[in-house]
Amino acid sequence: MSLPILKFEAVIVGGGGAGLRAALQLSEAGIKTVVLSKVFPTRSHTAAAQGGISAALGNIEDDNWHWHMYDTVKGADWLGDQDAIEFMCRQAVDAVVELEHYGMPFDRLENGKIYQRPFGGHMANFGKQPVRRACCVADRTGHAMLHALYQRNVKANTKFFVEWMALDLIRNENGDVVGVTALEMETGQVYVIQAKAVLFATGGAGRIFQSSTNAFINTGDGVGITLRAGLPVEDIEFWQFHPTGLAGAGVLITEGVRGEGGYLLNANGERFMERYAPTAKDLASRDVVSRAMQIEINEGRGCGPNKDYVLLKLDHLGVEVIDQRLPGIREIALQFLGIDPIKEPIPVVPTCHYMMGGIPTNYKGEVVAPFGANKEEVVKGFYAAGECACASVHGANRLGTNSLLDLVVFGKSAGNSMIKFIREHDLEYKELPKDAGEFSLQRVQKIDASTSGESLAELRHEMQRIMQQHAGVFRTQKVLMDGIEKIEALYARAQNLYIKDKSKVFNTARVEALEFINTIEVALATMICAEARKESRGAQAREDYPERDDANFMCHTLFYRDGRKIIYKDVHVAPLTVDYIPPAKRVY
Ligand SMILES: Cc1cc2nc3c(=O)[nH]c(=O)nc-3n(C[C@H](O)[C@H](O)[C@H](O)COP(=O)(O)OP(=O)(O)OC[C@H]3O[C@@H](n4cnc5c(N)ncnc54)[C@H](O)[C@@H]3O)c2cc1C
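So this note's numbering is basically just the index in the sequence shown, starting at one, shifted up by 71.
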């Protein structure tokens, strides 16, 4: 059966910050561009970002991009690529000014300059003392950013296919990417979209865990699709647990609370972070704070009837600061727990928040994969940016507010690379393979034809439970080995999904089934790569290998779905212009 074919020079999959920034670059250059999104673009997870976007503006005290770079390399526990990190930190100031010119309503200082707040791991003078570097719009920074970017895209005439779900990449016999297949949710029709260049900006996959700050749509589609297309994913074992998810609900309480002066307490009323990170205290980087909290809870100093959370105290900040800088947090605490933080502390637990790994790219946003001896051959026609990509600026642990920055810097950079690729080669559309779309169609038809099989809700619940128990804040060999066995068994069951609703129009059961098939790929890859990395670094905390092992593991993991193969590639230790920052012990 032949599928309808649409043609666009550039296809962007994802309408979050990264996708919209790239689309803007392309549309303004006159490239015929379409953005596909499962939801209306301004409902993407970027809209949930609270705390801020980092840039060494130095509006309150001295700051510069080189200190920002140092913090990012250190925060990443020396797994980040220093060329990409230099690129991002150098661009940060211009990126924030650009957003400001797009109409993003940043909070201001008395003198009219952009207000900046402290955040975890943001330090001056190469790690010496905290510095205010996070630019924000109260505690709704992502919302403001996404709306500004969306409006600029409307002005630039970007075309949007809203409620369309990309299913698979189309590669030709040379391995070049020549398009995608996608499902129009409204009609249930599968399309082939032919393209000269395809960008994935599909966001994270935090939904593989039971307790997560992530939106329901963060199902890791881009990563699942990439793995199915025979390409590897990078450093997928590294998942950031945010220290302050609302206990029980998982909803995020921004690090901006601690930036504004809030702090954590255990059941004894002790400000325990003073013991774990004497200098940065509650503003040490996220992996450090999450582990400290987990230890307090594990050792019986947790709060509440089950001693399973700690408290975030902020009432001492006063009503004015809370209402002006953290209004959303007050609302969340009231709505979800009936607690008013101007009077009482908020119960919090470490909660899955961010995927450091993803589709391997260079700092130009080009997807790279091993080919022969070259471990970083560019995959022609394929680009990635934002949380689904691994550039790798966040290495083993991301610093707060560096993701919103990553979206605009690498969204723009990838957009520029795509323009160059399309223009410089005066590129014609490459021919589609004869069977383009067949694979996707068969996948959809298999689900539609199911008369019995596994329940999606059950499998998803089971996966989240396994991930939480076997790949959480602390990991060990035995727990991970058991985890692999359980996830492999679940993976096999997932090949036999059954949905009852077979209707065509807005069939959410079908969409969720297709999402789950991607999500389980991410879960499996995570477990296998976490077992293989026998060291502790950043977010990967192995109780059986408590030390960082630079001799054997200062390298990126590349995981392939076929044969569950893992290969390692070198970290880019050389920055673009400055001296490299040599590994050191990470203390805060
Ligand atoms: C609660 C919360 C608060 C945060 N706060 C901050 C913060 O203050 N500062 C900071 O720097 N970072 C923060 N982060 C992290 C940051 O917000 C995210 O990493 C970032 O917004 C991801 O942006 P993105 O453009 O990569 O993807 P997203 O914004 O997640 O967008 C993904 C897009 O891809 C689309 N999509 C996905 N799959 C498909 C498919 N198969 N077909 C079609 N479309 C698809 C979706 O519809 C969506 O439009 C926060 C994250 C969370 C969860």
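All C-beta atoms in this analysis are idealised placements derived from N, C-alpha and C, irrespective of residue type, glycine included.
Where residue i sits in the DSSP three-state scheme
i, result
"M427", "coil"
"M256", "coil"
"P441", "strand"
"A111", "Before going further, note that residue 111 is Phe rather than Ala in the sequence given. Correct three-state label for F111: coil."
"F190", "coil"
"C160", "helix"
"Q281", "coil"
"I288", "coil"
"T472", "coil"
"L150", "coil"
"A455", "strand"
"L250", "Per the sequence shown, the amino acid found at residue 250 is Gly instead of Leu. DSSP places G250 in strand when its eight states are reduced to three."
"V392", "helix"
"S484", "helix"
"Q539", "helix"
"L568", "strand"
"V576", "coil"
"T432", "strand"
"T104", "strand"
"T648", "coil"
"I131", "coil"
"V544", "coil"
"L270", "strand"
Cα-Cα separation, residue i to residue j
i, j, result
"G373", "V144", "32 Å"
"I518", "Y454", "29 Å"
"V658", "Y262", "52 Å"
"M427", "N578", "32 Å"
"V449", "L498", "17 Å"
"D16", "P201", "There is no way to answer for residue 16, as the model of the chain reaches only from 72 to 659."
"E447", "E437", "10 Å"
"I570", "V582", "10 Å"
"V544", "M159", "28 Å"
"A351", "G191", "8 Å"
"A205", "L336", "24 Å"
"V479", "M489", "15 Å"
"R514", "A584", "10 Å"
"R396", "A209", "5 Å"
"E305", "C461", "7 Å"
"G146", "Y651", "15 Å"
"I296", "L238", "7 Å"
"Q406", "V642", "44 Å"
"L254", "G213", "28 Å"
"L170", "G88", "11 Å"
"F197", "V251", "44 Å"
"D247", "G452", "6 Å"
"M140", "N377", "41 Å"
"H424", "L530", "21 Å"
"L180", "L220", "24 Å"
"D572", "A580", "7 Å"
"G101", "Y500", "17 Å"
"D134", "L128", "7 Å"
"G375", "A338", "8 Å"
"R613", "A440", "28 Å"
For residue i, the first and last residue of its enclosing beta strand (DSSP E)
i, result
"M236", "235–242"
"Q311", "310–317"
"F630", "626–630"
"D641", "637–641"
"F79", "76–84"
"V381", "381–384"
Limits of the unbroken alpha helix (DSSP H) element including residue i
i, result
"D553", "548–565"
"K145", "136–146"
"P45", "Here the chain has residues from 72 to 659 only, and residue 45 is not among them."
"N589", "579–603"
"L97", "88–99"
What residue ranges within the region 195–229 form continuous beta strand (DSSP E) runs of no fewer than 3 residues, ordered along the chain? Within the region 195–229, no complete beta strand (DSSP E) run reaches 3 residues.
Which runs of the beta strand (DSSP E), 3 residues or longer, sit entirely within the region 492–535? Qualifying beta strand (DSSP E) stretches: none in this window.
Any alpha helix (DSSP H) of 4 or more consecutive residues that is wholly inside the region 319–375: Along the region 319–375, the alpha helix (DSSP H) occurs as fully enclosed runs of 4 or more residues at 327–330, 344–347, 357–369, listed in sequence order.
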